[in-house]
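Numbering (the UniProt record's numbering), first residue to last: 1 to 333.
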(Lines of atoms letter the chains of each structure in order from A; the text may use other names.)
(Lines give C-alpha, C1' and ligand atoms only; values in the text may rest on other atoms or scores of the structure.)
Protein backbone atom coordinates (compact mmCIF):
# COMPACT_ATOMS: atom_id res chain seq x y z
CA UNK A 1 0.00 0.00 0.00
CA UNK A 2 1.22 3.48 -0.89
CA UNK A 3 0.84 6.38 1.55
CA UNK A 4 0.54 9.06 -1.16
CA UNK A 5 -1.38 9.19 -4.41
CA UNK A 6 0.88 11.94 -5.77
CA UNK A 7 4.20 13.47 -4.73
CA UNK A 8 4.59 16.90 -6.34
CA UNK A 9 7.85 18.70 -7.17
CA UNK A 10 7.68 22.36 -8.12
CA UNK A 11 8.09 26.04 -7.36
CA UNK A 12 6.72 27.04 -3.95
CA UNK A 13 5.08 30.45 -4.37
CA UNK A 14 2.57 32.36 -2.29
CA UNK A 15 -0.12 33.99 -4.44
CA UNK A 16 -0.97 37.46 -3.15
CA UNK A 17 -4.19 38.48 -4.82
CA UNK A 18 -5.85 41.88 -4.75
CA UNK A 19 -8.09 44.13 -6.82
CA UNK A 20 -6.55 47.34 -8.15
CA UNK A 21 -7.38 50.21 -10.48
CA UNK A 22 -5.58 50.53 -13.80
CA UNK A 23 -3.68 53.53 -12.42
CA UNK A 24 -1.87 51.25 -9.95
CA UNK A 25 -0.52 49.20 -12.86
CA UNK A 26 0.74 52.45 -14.34
CA UNK A 27 2.48 53.36 -11.09
CA UNK A 28 4.10 49.93 -10.91
CA UNK A 29 5.01 50.18 -14.61
CA UNK A 30 4.01 46.67 -15.59
CA UNK A 31 2.37 45.36 -18.78
CA UNK A 32 -1.27 44.57 -18.17
CA UNK A 33 -2.64 41.03 -18.49
CA UNK A 34 0.62 39.07 -18.57
CA UNK A 35 3.03 37.44 -16.13
CA UNK A 36 6.34 39.23 -15.54
CA UNK A 37 9.31 37.74 -13.69
CA UNK A 38 10.81 40.26 -11.24
CA UNK A 39 13.72 40.28 -8.80
CA UNK A 40 13.52 40.54 -4.99
CA UNK A 41 13.79 44.34 -4.86
CA UNK A 42 11.18 44.95 -7.53
CA UNK A 43 8.72 42.57 -5.87
CA UNK A 44 9.29 44.25 -2.51
CA UNK A 45 8.40 47.61 -4.06
CA UNK A 46 5.26 46.15 -5.66
CA UNK A 47 4.05 44.58 -2.40
CA UNK A 48 4.73 47.84 -0.53
CA UNK A 49 2.47 49.66 -3.01
CA UNK A 50 -0.32 47.22 -2.13
CA UNK A 51 -0.33 48.27 1.53
CA UNK A 52 -3.89 49.15 2.47
CA UNK A 53 -5.45 46.98 -0.23
CA UNK A 54 -7.46 43.97 1.03
CA UNK A 55 -5.48 40.91 -0.05
CA UNK A 56 -6.03 37.19 -0.27
CA UNK A 57 -3.10 34.79 0.11
CA UNK A 58 -2.76 31.10 -0.68
CA UNK A 59 0.02 28.63 -1.39
CA UNK A 60 0.56 28.47 -5.13
CA UNK A 61 2.84 27.57 -7.99
CA UNK A 62 1.88 25.22 -10.82
CA UNK A 63 2.64 21.84 -9.25
CA UNK A 64 1.48 23.05 -5.84
CA UNK A 65 -1.91 23.97 -7.36
CA UNK A 66 -2.18 20.46 -8.81
CA UNK A 67 -1.29 18.86 -5.49
CA UNK A 68 -3.90 21.03 -3.73
CA UNK A 69 -6.49 19.84 -6.26
CA UNK A 70 -5.61 16.19 -5.51
CA UNK A 71 -6.09 16.91 -1.79
CA UNK A 72 -9.37 18.78 -2.38
CA UNK A 73 -10.79 15.71 -4.13
CA UNK A 74 -9.87 13.62 -1.10
CA UNK A 75 -6.55 12.25 -2.36
CA UNK A 76 -3.38 11.81 -0.31
CA UNK A 77 -0.47 13.94 -1.44
CA UNK A 78 2.93 15.36 -0.58
CA UNK A 79 4.91 18.24 -2.02
CA UNK A 80 8.48 19.49 -2.12
CA UNK A 81 9.39 23.07 -2.96
CA UNK A 82 11.82 25.51 -1.41
CA UNK A 83 10.61 28.27 0.91
CA UNK A 84 12.42 30.93 2.94
CA UNK A 85 12.65 31.17 6.71
CA UNK A 86 10.21 34.08 6.73
CA UNK A 87 6.57 34.67 7.61
CA UNK A 88 5.51 34.06 3.99
CA UNK A 89 7.29 30.69 4.01
CA UNK A 90 5.61 29.72 7.28
CA UNK A 91 2.28 30.66 5.72
CA UNK A 92 2.97 28.47 2.67
CA UNK A 93 3.87 25.49 4.84
CA UNK A 94 0.81 25.85 7.10
CA UNK A 95 -1.53 26.43 4.15
CA UNK A 96 -0.41 23.15 2.57
CA UNK A 97 -0.44 21.21 5.84
CA UNK A 98 -3.98 22.29 6.76
CA UNK A 99 -5.11 20.56 3.56
CA UNK A 100 -3.42 17.37 4.74
CA UNK A 101 -0.50 17.74 2.31
CA UNK A 102 2.81 16.52 3.72
CA UNK A 103 5.66 18.97 3.24
CA UNK A 104 8.97 19.21 4.99
CA UNK A 105 12.04 21.00 3.66
CA UNK A 106 14.83 23.05 5.23
CA UNK A 107 14.21 26.79 4.65
CA UNK A 108 16.51 28.62 2.24
CA UNK A 109 18.44 31.79 2.98
CA UNK A 110 16.24 33.78 0.59
CA UNK A 111 12.75 35.28 0.67
CA UNK A 112 9.89 32.92 -0.12
CA UNK A 113 8.77 33.22 -3.72
CA UNK A 114 5.62 35.23 -4.36
CA UNK A 115 3.24 35.97 -7.19
CA UNK A 116 1.43 39.30 -6.94
CA UNK A 117 -1.88 38.83 -8.75
CA UNK A 118 -3.40 42.21 -9.60
CA UNK A 119 -7.01 42.03 -10.78
CA UNK A 120 -8.47 45.06 -12.56
CA UNK A 121 -12.15 45.96 -13.01
CA UNK A 122 -12.25 44.25 -16.41
CA UNK A 123 -11.32 40.92 -14.70
CA UNK A 124 -7.87 40.86 -16.28
CA UNK A 125 -5.08 39.43 -14.13
CA UNK A 126 -1.62 40.96 -14.19
CA UNK A 127 0.97 38.83 -12.42
CA UNK A 128 4.40 39.69 -11.10
CA UNK A 129 6.35 36.62 -10.05
CA UNK A 130 9.45 36.51 -7.91
CA UNK A 131 10.81 32.95 -7.67
CA UNK A 132 12.83 33.80 -4.55
CA UNK A 133 13.71 30.74 -2.49
CA UNK A 134 11.92 28.36 -4.89
CA UNK A 135 14.80 28.82 -7.35
CA UNK A 136 17.19 27.30 -4.78
CA UNK A 137 15.58 23.83 -4.81
CA UNK A 138 18.26 21.17 -5.37
CA UNK A 139 18.54 17.40 -5.72
CA UNK A 140 19.42 17.22 -2.01
CA UNK A 141 15.89 18.42 -1.14
CA UNK A 142 14.22 15.42 -2.79
CA UNK A 143 12.92 12.94 -0.20
CA UNK A 144 13.52 9.38 -1.44
CA UNK A 145 11.36 7.86 1.31
CA UNK A 146 8.28 9.88 0.32
CA UNK A 147 8.79 9.05 -3.34
CA UNK A 148 8.95 5.32 -2.50
CA UNK A 149 5.61 5.71 -0.70
CA UNK A 150 3.87 7.39 -3.67
CA UNK A 151 1.90 6.08 -6.64
CA UNK A 152 2.92 8.99 -8.88
CA UNK A 153 5.58 11.69 -8.91
CA UNK A 154 4.37 14.89 -10.62
CA UNK A 155 6.98 17.33 -11.97
CA UNK A 156 6.36 20.79 -13.44
CA UNK A 157 8.29 21.77 -16.54
CA UNK A 158 9.21 25.18 -15.16
CA UNK A 159 11.85 23.45 -13.02
CA UNK A 160 13.92 22.73 -16.12
CA UNK A 161 14.84 26.41 -16.50
CA UNK A 162 17.33 26.47 -13.58
CA UNK A 163 20.41 24.33 -12.99
CA UNK A 164 19.59 23.37 -9.39
CA UNK A 165 15.86 22.99 -9.92
CA UNK A 166 16.46 20.84 -13.02
CA UNK A 167 18.74 18.57 -10.96
CA UNK A 168 15.93 18.26 -8.39
CA UNK A 169 13.41 17.33 -11.10
CA UNK A 170 15.70 14.66 -12.56
CA UNK A 171 16.53 13.30 -9.11
CA UNK A 172 12.81 12.89 -8.37
CA UNK A 173 12.19 11.12 -11.67
CA UNK A 174 15.25 8.87 -11.27
CA UNK A 175 14.17 7.82 -7.78
CA UNK A 176 10.64 7.16 -9.02
CA UNK A 177 11.95 4.81 -11.70
CA UNK A 178 14.19 3.04 -9.18
CA UNK A 179 11.22 2.34 -6.91
CA UNK A 180 8.60 1.48 -9.52
CA UNK A 181 6.73 4.78 -9.10
CA UNK A 182 4.96 6.33 -12.11
CA UNK A 183 6.13 9.73 -13.40
CA UNK A 184 3.80 12.49 -14.62
CA UNK A 185 5.23 15.61 -16.25
CA UNK A 186 3.60 18.82 -17.45
CA UNK A 187 4.98 20.91 -20.32
CA UNK A 188 4.05 24.05 -18.31
CA UNK A 189 4.38 26.68 -21.08
CA UNK A 190 4.67 26.90 -24.90
CA UNK A 191 7.71 29.13 -24.44
CA UNK A 192 9.40 26.34 -22.49
CA UNK A 193 8.61 23.77 -25.19
CA UNK A 194 10.13 26.03 -27.86
CA UNK A 195 13.23 26.53 -25.73
CA UNK A 196 13.98 22.90 -24.78
CA UNK A 197 11.98 20.80 -27.25
CA UNK A 198 14.63 18.05 -27.57
CA UNK A 199 14.95 17.70 -23.81
CA UNK A 200 11.19 17.32 -23.40
CA UNK A 201 11.18 14.63 -26.12
CA UNK A 202 13.93 12.83 -24.22
CA UNK A 203 11.73 12.85 -21.11
CA UNK A 204 8.67 11.67 -23.02
CA UNK A 205 10.59 8.76 -24.56
CA UNK A 206 12.31 8.08 -21.22
CA UNK A 207 10.98 8.27 -17.66
CA UNK A 208 7.62 10.00 -18.23
CA UNK A 209 4.56 7.71 -17.98
CA UNK A 210 1.92 10.47 -18.24
CA UNK A 211 2.47 13.68 -20.20
CA UNK A 212 0.23 16.73 -19.73
CA UNK A 213 0.17 19.51 -22.33
CA UNK A 214 -2.19 21.99 -23.96
CA UNK A 215 -2.90 22.34 -27.66
CA UNK A 216 -0.31 25.03 -28.33
CA UNK A 217 2.40 23.09 -26.49
CA UNK A 218 1.52 19.88 -28.34
CA UNK A 219 1.66 21.57 -31.75
CA UNK A 220 5.00 23.18 -30.93
CA UNK A 221 6.38 19.87 -29.69
CA UNK A 222 5.25 17.68 -32.58
CA UNK A 223 5.05 20.03 -35.56
CA UNK A 224 1.54 18.66 -36.25
CA UNK A 225 -1.48 20.94 -36.73
CA UNK A 226 -4.27 18.51 -35.80
CA UNK A 227 -4.65 17.87 -32.04
CA UNK A 228 -5.39 14.14 -32.47
CA UNK A 229 -2.33 13.78 -34.68
CA UNK A 230 -0.33 15.57 -31.97
CA UNK A 231 -1.64 13.25 -29.27
CA UNK A 232 -0.94 10.13 -31.36
CA UNK A 233 2.61 11.25 -32.15
CA UNK A 234 3.32 11.80 -28.45
CA UNK A 235 1.58 8.53 -27.53
CA UNK A 236 3.93 6.65 -29.88
CA UNK A 237 6.63 7.44 -27.30
CA UNK A 238 4.70 7.86 -24.04
CA UNK A 239 2.34 5.44 -22.33
CA UNK A 240 -0.30 8.04 -21.45
CA UNK A 241 -1.13 11.50 -22.82
CA UNK A 242 -3.59 14.17 -21.64
CA UNK A 243 -3.89 17.03 -24.13
CA UNK A 244 -6.22 19.90 -23.15
CA UNK A 245 -8.13 21.91 -25.77
CA UNK A 246 -9.65 24.71 -23.68
CA UNK A 247 -13.40 25.00 -24.12
CA UNK A 248 -13.29 22.17 -26.69
CA UNK A 249 -12.41 19.64 -23.99
CA UNK A 250 -9.40 17.35 -24.11
CA UNK A 251 -7.89 14.23 -25.62
CA UNK A 252 -6.74 11.36 -23.41
CA UNK A 253 -4.66 8.53 -24.87
CA UNK A 254 -4.05 5.24 -23.09
CA UNK A 255 -3.26 1.76 -24.35
CA UNK A 256 -3.24 2.88 -27.98
CA UNK A 257 -6.79 4.23 -27.72
CA UNK A 258 -8.04 7.79 -28.09
CA UNK A 259 -10.62 9.03 -25.60
CA UNK A 260 -12.12 12.36 -26.72
CA UNK A 261 -13.34 14.18 -23.61
CA UNK A 262 -16.08 16.77 -24.09
CA UNK A 263 -15.74 20.35 -22.95
CA UNK A 264 -18.12 21.77 -20.33
CA UNK A 265 -19.81 25.03 -21.38
CA UNK A 266 -19.16 27.78 -18.82
CA UNK A 267 -18.63 31.52 -18.82
CA UNK A 268 -14.88 31.77 -18.28
CA UNK A 269 -13.82 34.48 -15.85
CA UNK A 270 -10.22 33.51 -15.16
CA UNK A 271 -8.33 30.74 -16.96
CA UNK A 272 -5.33 30.84 -14.61
CA UNK A 273 -4.82 27.42 -13.05
CA UNK A 274 -7.14 25.55 -15.44
CA UNK A 275 -4.36 23.19 -16.56
CA UNK A 276 -3.20 22.68 -12.97
CA UNK A 277 -6.73 21.75 -11.92
CA UNK A 278 -7.16 19.41 -14.89
CA UNK A 279 -3.95 17.58 -13.95
CA UNK A 280 -4.98 17.36 -10.28
CA UNK A 281 -8.38 15.88 -11.07
CA UNK A 282 -6.88 13.45 -13.61
CA UNK A 283 -4.19 12.29 -11.18
CA UNK A 284 -6.76 11.89 -8.40
CA UNK A 285 -8.95 9.79 -10.68
CA UNK A 286 -6.32 7.39 -11.98
CA UNK A 287 -4.84 6.84 -8.52
CA UNK A 288 -8.25 6.20 -6.96
CA UNK A 289 -9.73 3.50 -9.14
CA UNK A 290 -11.19 5.43 -12.07
CA UNK A 291 -10.69 4.45 -15.68
CA UNK A 292 -8.80 6.88 -17.93
CA UNK A 293 -12.06 7.92 -19.57
CA UNK A 294 -13.68 8.59 -16.18
CA UNK A 295 -10.66 10.54 -14.93
CA UNK A 296 -10.70 12.66 -18.08
CA UNK A 297 -14.39 13.36 -17.64
CA UNK A 298 -13.84 14.48 -14.03
CA UNK A 299 -10.84 16.61 -15.05
CA UNK A 300 -12.90 18.34 -17.75
CA UNK A 301 -15.61 19.32 -15.25
CA UNK A 302 -13.07 20.41 -12.64
CA UNK A 303 -11.17 22.70 -15.02
CA UNK A 304 -14.46 24.18 -16.24
CA UNK A 305 -15.52 24.93 -12.70
CA UNK A 306 -12.22 26.65 -11.84
CA UNK A 307 -12.27 28.97 -14.89
CA UNK A 308 -15.77 30.13 -13.94
CA UNK A 309 -14.37 31.75 -10.76
CA UNK A 310 -11.38 33.85 -9.73
CA UNK A 311 -8.27 32.01 -8.53
CA UNK A 312 -6.73 28.56 -9.02
CA UNK A 313 -8.50 26.87 -6.07
CA UNK A 314 -12.09 25.70 -6.17
CA UNK A 315 -14.39 27.87 -4.08
CA UNK A 316 -17.21 25.37 -4.64
CA UNK A 317 -15.59 21.99 -4.07
CA UNK A 318 -16.89 18.71 -5.47
CA UNK A 319 -18.72 16.45 -3.03
CA UNK A 320 -17.91 12.71 -3.08
CA UNK A 321 -21.35 12.15 -4.62
CA UNK A 322 -20.60 14.65 -7.40
CA UNK A 323 -17.26 13.00 -8.11
CA UNK A 324 -18.95 9.62 -8.50
CA UNK A 325 -21.71 11.07 -10.66
CA UNK A 326 -19.40 13.13 -12.89
CA UNK A 327 -17.03 10.26 -13.49
CA UNK A 328 -19.92 8.40 -15.10
CA UNK A 329 -20.06 4.67 -15.93
CA UNK A 330 -16.78 2.80 -16.09
CA UNK A 331 -16.96 1.94 -19.79
CA UNK A 332 -13.56 0.94 -21.15
CA UNK A 333 -10.12 1.41 -19.62
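Note that the Cβ used here is the ideal one computed from N, Cα and C, for glycine as well.
Pair within 9 angstroms by beta-carbon distance, residue i and residue j
{"i": "residue 101", "j": "residue 67", "result": "yes"}
{"i": "residue 164", "j": "residue 136", "result": "yes"}
{"i": "residue 228", "j": "residue 128", "result": "no"}
{"i": "residue 238", "j": "residue 215", "result": "no"}
{"i": "residue 181", "j": "residue 208", "result": "no"}
{"i": "residue 159", "j": "residue 9", "result": "yes"}
{"i": "residue 167", "j": "residue 138", "result": "yes"}
{"i": "residue 12", "j": "residue 85", "result": "no"}
{"i": "residue 153", "j": "residue 70", "result": "no"}
{"i": "residue 188", "j": "residue 62", "result": "yes"}
{"i": "residue 60", "j": "residue 14", "result": "yes"}
{"i": "residue 185", "j": "residue 204", "result": "yes"}
{"i": "residue 305", "j": "residue 252", "result": "no"}
{"i": "residue 212", "j": "residue 310", "result": "no"}
{"i": "residue 132", "j": "residue 111", "result": "yes"}
{"i": "residue 94", "j": "residue 4", "result": "no"}
{"i": "residue 299", "j": "residue 250", "result": "yes"}
{"i": "residue 236", "j": "residue 130", "result": "no"}
{"i": "residue 144", "j": "residue 175", "result": "yes"}
{"i": "residue 65", "j": "residue 296", "result": "no"}
{"i": "residue 245", "j": "residue 234", "result": "no"}
{"i": "residue 134", "j": "residue 83", "result": "yes"}
{"i": "residue 161", "j": "residue 25", "result": "no"}
For residue i, three-class secondary structure by DSSP
{"i": "residue 11", "result": "coil"}
{"i": "residue 257", "result": "strand"}
{"i": "residue 113", "result": "strand"}
{"i": "residue 94", "result": "helix"}
{"i": "residue 108", "result": "strand"}
{"i": "residue 3", "result": "coil"}
{"i": "residue 289", "result": "coil"}
{"i": "residue 162", "result": "coil"}
{"i": "residue 52", "result": "coil"}
{"i": "residue 85", "result": "coil"}
{"i": "residue 272", "result": "coil"}
{"i": "residue 321", "result": "helix"}
{"i": "residue 222", "result": "helix"}
{"i": "residue 310", "result": "coil"}
{"i": "residue 138", "result": "coil"}
{"i": "residue 177", "result": "helix"}
{"i": "residue 280", "result": "helix"}
{"i": "residue 331", "result": "Bear in mind that the predicted position of residue 331 carries a pLDDT of just 49, short of 50, making it unreliable; the figure below should be weighed with that in mind. If DSSP states are grouped into helix, strand and coil, residue 331 belongs with coil."}
{"i": "residue 191", "result": "helix"}
{"i": "residue 202", "result": "helix"}
{"i": "residue 46", "result": "helix"}
{"i": "residue 237", "result": "coil"}
{"i": "residue 262", "result": "coil"}
{"i": "residue 315", "result": "coil"}
{"i": "residue 23", "result": "helix"}
{"i": "residue 232", "result": "helix"}
{"i": "residue 146", "result": "helix"}
{"i": "residue 72", "result": "helix"}
{"i": "residue 196", "result": "coil"}
{"i": "residue 41", "result": "helix"}
Supposed contact pair residue j and residue i - C-beta distance, whole angstroms, cut 8 angstroms
{"i": "residue 323", "j": "residue 73", "result": "6 angstroms"}
{"i": "residue 50", "j": "residue 90", "result": "Residue 50 to residue 90, Cβ: 20 angstroms. No contact."}
{"i": "residue 146", "j": "residue 2", "result": "With a Cβ gap of about 10 angstroms, residue 146 and residue 2 do not count as contacting."}
{"i": "residue 285", "j": "residue 312", "result": "Actually they are not in contact, since the Cβ atoms of residue 285 and residue 312 sit about 19 angstroms apart, beyond 8 angstroms."}
{"i": "residue 30", "j": "residue 126", "result": "6 angstroms"}
{"i": "residue 105", "j": "residue 141", "result": "5 angstroms"}
Per DSSP, the bridge partner or partners of residue i
{"i": "residue 102", "result": "78"}
{"i": "residue 118", "result": "18 and 126"}
{"i": "residue 184", "result": "154 and 210"}
{"i": "residue 243", "result": "213 and 251"}
{"i": "residue 36", "result": "128"}
{"i": "residue 57", "result": "16"}
| said: Tell me whether the stretch 219 to 230 and the stretch 272 to 279 touch, counting them as touching only if at least three CB pairs, one residue from each stretch, are closer than 8 angstroms. | reply: Judged by pairs of C-beta atoms under 8 angstroms, the stretch 219 to 230 does not touch the stretch 272 to 279, as fewer than three such pairs exist.
| task | Count the C-beta pairs between the stretch 28 to 37 and the stretch 115 to 133 that are closer than 8 angstroms, then say yes if the count reaches three, no if not. | result | Output reads yes: the stretch 115 to 133 touches the stretch 28 to 37.
| query | So, do the stretch 257 to 265 and the stretch 274 to 287 have three or more beta carbon pairs nearer to each other than 8 angstroms? | reply | No, because fewer than three Cβ pairs between the stretch 257 to 265 and the stretch 274 to 287 fall closer than 8 angstroms, the two stretches do not touch.
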